[in-house]
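Residue numbers (the working numbering): 787 to 1214. Take a look at the structure below.
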Amino acid sequence: MKKFQHLLVTTIFLLGVISISLGQSIRLTQCNESGIYKSGEKLEVSVLLEDANTDSLSIKILKNYEEIEQQNIKVPGSTFVLFEKVVEEPASWIFEVSAGEEKGSLGAVVDPGKFQPGTKRPEDIDKYWEAEKNLLRSLPATVKTVSVEDVEKGFICKDLELNCTGPKPARGYFAKPLAAKEKSLPIVLVVHAAGVKGSWCLAQPQNAMRFAKKGALCFDLNAHGMLNGQPQNYYDKLEEGELSRYWEKGIENRDAYYFRGMYLRLIRTLDFLTSQPEWDGKRILVLGESQGGGQSLVAAGLDDRVSAVVATVPAMCDWGGTLAGNKGGWPNPFGTDNNREKMLQTVPYFDAAHLLKNSKATLVVEIGNIDYTCSSNSIYAAINQAKGKKIMYNVPYRGHHLNQKWYQKTWEETVYKPKMEFVDNYLK
787 MKKFQHLLVT TIFLLGVISI SLGQSIRLTQ CNESGIYKSG EKLEVSVLLE
837 DANTDSLSIK ILKNYEEIEQ QNIKVPGSTF VLFEKVVEEP ASWIFEVSAG
887 EEKGSLGAVV DPGKFQPGTK RPEDIDKYWE AEKNLLRSLP ATVKTVSVED
937 VEKGFICKDL ELNCTGPKPA RGYFAKPLAA KEKSLPIVLV VHAAGVKGSW
987 CLAQPQNAMR FAKKGALCFD LNAHGMLNGQ PQNYYDKLEE GELSRYWEKG
1037 IENRDAYYFR GMYLRLIRTL DFLTSQPEWD GKRILVLGES QGGGQSLVAA
1087 GLDDRVSAVV ATVPAMCDWG GTLAGNKGGW PNPFGTDNNR EKMLQTVPYF
1137 DAAHLLKNSK ATLVVEIGNI DYTCSSNSIY AAINQAKGKK IMYNVPYRGH
1187 HLNQKWYQKT WEETVYKPKM EFVDNYLK
């Protein structure tokens, strides 16, 4: 067991070892509620115990997602200082305190504006993607549609397929108001989190209709070019077979890498949407969570028509962070056993951290400081490359999901609600 170098167990109220009865009962706080620090500032983390029936705690501290300290301690009081240190370099910190099944976690980030990608931006990355887009656009567009039944009066919604140069077409649901005038509507592109068979992975008519009702041309795009509206066993078989671990397919070959097709489907969909006579010629909003957040950032990097993004805990950011003492974002390719040299010739071309270099879009981004899937440092490294306005929501108590339920109401008021207000105001 490692000896704690910076661990403090300083009792603030009750002295001595106590036993407390358990409910949500372990909460962590820090001296700066934002969770953001500058080099040279003190980071202090305290523990508050309520109703915990235990006399010992397990303590874990991680720096840049590497465990640096772990220890079991006697409970010294209901409130005590766990950690105190002057921080001196860009880093992400995670603090975990647990007793049995009860756990409290909190994260912090130091100098987030100084994180940079862990791999070099390929010199020919812009030329590569320009060639890919030109090839895509040289393919005459074929649009196949099936009308969705029982659509609310005044709107149209279609199951739509667009041919693509990638291995699969772009597929999703397209909806719009029927009576809109030319050049009067913004575009909304909705993209999805990772997976194949879960409900969160699937395009749904109601998603497209949600934004059509807000007065937008909306396309809800499934990431994989799958058929829409199929029986569950169709998606189950895809996840177990053809799309099993899709994120590693072609990882050692730039022209075969799975994300190439995914990104080209984004461009094809945006080209379709911008061809609609109702588009106002100005506003394109792309939004998604996790893999969808990564796709949103990629869309902004590959298509300068994208004017705004709302990305929640985005994936596909700074994959090279793993090579630079940090943790790369999902799917963390350099954390796999694939050939590293071949990956270095492939992966950087698809990293949002490199693609965002060209973006001037407004980026609204939520970052979880205790997110082990889409690391906070990876997201900052990507966002730091963009040239447009940035609205950041740094959430100290959020993992990839919001599991600390006591924080739910605060998160809804201070993070979720402002993000949705941004969307609504942007579409007015």
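We treat Cβ as the ideally placed atom computed from N, Cα and C, and that holds for glycine.
With DSSP as the reference, label residue i as helix, strand or coil.
{"i": "isoleucine 1156", "result": "coil"}
{"i": "cysteine 1004", "result": "strand"}
{"i": "methionine 1012", "result": "coil"}
{"i": "alanine 1168", "result": "helix"}
{"i": "glycine 1106", "result": "helix"}
{"i": "tyrosine 1202", "result": "helix"}
{"i": "tryptophan 1192", "result": "helix"}
{"i": "valine 795", "result": "Confidence is the limiting factor: at valine 795 the pLDDT is only 38, short of 50, which leaves the residue's position unreliable and the question unanswerable from this model."}
{"i": "threonine 1060", "result": "helix"}
{"i": "tyrosine 851", "result": "coil"}
{"i": "glycine 1074", "result": "strand"}
{"i": "arginine 1069", "result": "strand"}
{"i": "lysine 1128", "result": "helix"}
{"i": "arginine 1184", "result": "coil"}
{"i": "tryptophan 1197", "result": "helix"}
{"i": "tyrosine 823", "result": "strand"}
{"i": "tyrosine 1179", "result": "strand"}
{"i": "glutamate 1038", "result": "coil"}
{"i": "valine 1150", "result": "strand"}
{"i": "serine 842", "result": "strand"}
{"i": "glutamate 870", "result": "strand"}
{"i": "glutamate 1207", "result": "helix"}
{"i": "glutamate 875", "result": "coil"}
{"i": "valine 1133", "result": "helix"}
{"i": "leucine 988", "result": "coil"}
{"i": "alanine 1097", "result": "strand"}
{"i": "valine 1225", "result": "This structure cannot settle anything about residue 1225, because the visible part of the chain is limited to 787 through 1214."}
I think residue i touches residue j, with their Cβ atoms under 8 Å apart; what is that distance to the nearest whole Å?
{"i": "asparagine 1118", "j": "glutamate 1038", "result": "That belief does not hold up - the Cβ atoms of asparagine 1118 and glutamate 1038 are roughly 16 Å apart, past 8 Å."}
{"i": "valine 833", "j": "isoleucine 812", "result": "7 Å"}
{"i": "asparagine 1155", "j": "serine 1164", "result": "Incorrect: roughly 12 Å between the Cβ atoms, too far for contact."}
{"i": "glycine 904", "j": "threonine 1159", "result": "About 17 Å separates the two Cβ atoms, so there is no contact after all."}
{"i": "leucine 946", "j": "tryptophan 1065", "result": "About 16 Å separates the two Cβ atoms, so there is no contact after all."}
{"i": "serine 878", "j": "asparagine 850", "result": "6 Å"}
{"i": "asparagine 1144", "j": "aspartate 1090", "result": "7 Å"}
{"i": "tyrosine 1166", "j": "phenylalanine 901", "result": "4 Å"}
{"i": "threonine 840", "j": "valine 861", "result": "7 Å"}
{"i": "glycine 1011", "j": "arginine 1051", "result": "6 Å"}
{"i": "leucine 814", "j": "serine 891", "result": "7 Å"}
{"i": "lysine 969", "j": "glycine 1067", "result": "6 Å"}
Alpha carbon to alpha carbon, what distance is there between residue j and residue i?
{"i": "lysine 824", "j": "serine 1082", "result": "29 Å"}
{"i": "tryptophan 1197", "j": "asparagine 920", "result": "43 Å"}
{"i": "valine 982", "j": "tryptophan 1116", "result": "16 Å"}
{"i": "tyrosine 1021", "j": "arginine 1031", "result": "14 Å"}
{"i": "arginine 1040", "j": "cysteine 950", "result": "17 Å"}
{"i": "isoleucine 942", "j": "serine 933", "result": "8 Å"}
{"i": "valine 1217", "j": "cysteine 817", "result": "Nothing about residue 1217 can be read from this structure; the chain reaches only from 787 to 1214."}
{"i": "lysine 1214", "j": "lysine 999", "result": "12 Å"}
{"i": "phenylalanine 866", "j": "tyrosine 1049", "result": "49 Å"}
{"i": "glutamate 1034", "j": "glycine 952", "result": "16 Å"}
{"i": "glutamate 1025", "j": "alanine 980", "result": "11 Å"}
{"i": "lysine 1191", "j": "glutamate 827", "result": "30 Å"}
{"i": "valine 1133", "j": "glycine 1047", "result": "14 Å"}
{"i": "alanine 966", "j": "glycine 940", "result": "10 Å"}
{"i": "proline 908", "j": "leucine 1141", "result": "10 Å"}
{"i": "aspartate 910", "j": "glutamine 1131", "result": "11 Å"}
{"i": "leucine 829", "j": "methionine 1178", "result": "21 Å"}
{"i": "aspartate 1104", "j": "glycine 1185", "result": "18 Å"}
{"i": "glutamate 1175", "j": "tryptophan 986", "result": "Just to set this straight, residue 1175 is lysine in the shown sequence, not glutamate. Each residue's alpha carbon lies about 29 Å from the other."}
{"i": "alanine 927", "j": "asparagine 1211", "result": "33 Å"}
{"i": "glycine 1079", "j": "isoleucine 1053", "result": "16 Å"}
{"i": "glycine 863", "j": "isoleucine 845", "result": "15 Å"}
{"i": "serine 1061", "j": "threonine 1055", "result": "10 Å"}
{"i": "lysine 1113", "j": "asparagine 1189", "result": "21 Å"}
{"i": "leucine 948", "j": "tyrosine 1193", "result": "42 Å"}
What do you reckon, is the C-beta of residue i under 7 Å from a heavy atom of the ligand SAH?
{"i": "lysine 962", "result": "For the structure depicted, the ligand SAH is absent and the ligand set is empty, with no information on it obtainable."}
Looking at the C-beta of residue i, does it have a partner C-beta in chain B at a distance below 8 Å?
{"i": "aspartate 1090", "result": "Here there is only one protein chain, and chain B is not present."}
- Message: If we require 3 or more residues per run, which beta strand (DSSP E) segments fall completely within the region 884–924?
- Response: 888–896
- Three or more C-beta pairs below 8 Å linking the region 972–990 and the region 1066–1083: yes
- Please determine if the region 1149–1157 and the region 1124–1141 are in contact, where contact requires at least 3 C-beta pairs separated by less than 8 Å. no
- Query: Is the region 993–1003 touching the region 946–964 in the sense that three or more CB pairs, one from each, lie closer than 8 Å?
  - Reply: yes
- Task: Mind the definition here: the region 1093–1113 touches the region 999–1010 only if three or more C-beta pairs lie below 8 Å; say whether that holds.
- Result: no
- Run through the region 936–984 for me and flag every whole beta strand (DSSP E) of 3 or more residues, listed as ranges in chain order. 941–948, 956–963 and 971–976
- Item | contact_flag[the region 907–917, the region 880–895] where n(CB pairs < 8 Å) is 3 or more | no
- Would the region 876–890 and the region 922–931 be scored as touching if the rule is three or more Cβ pairs under 8 Å? no
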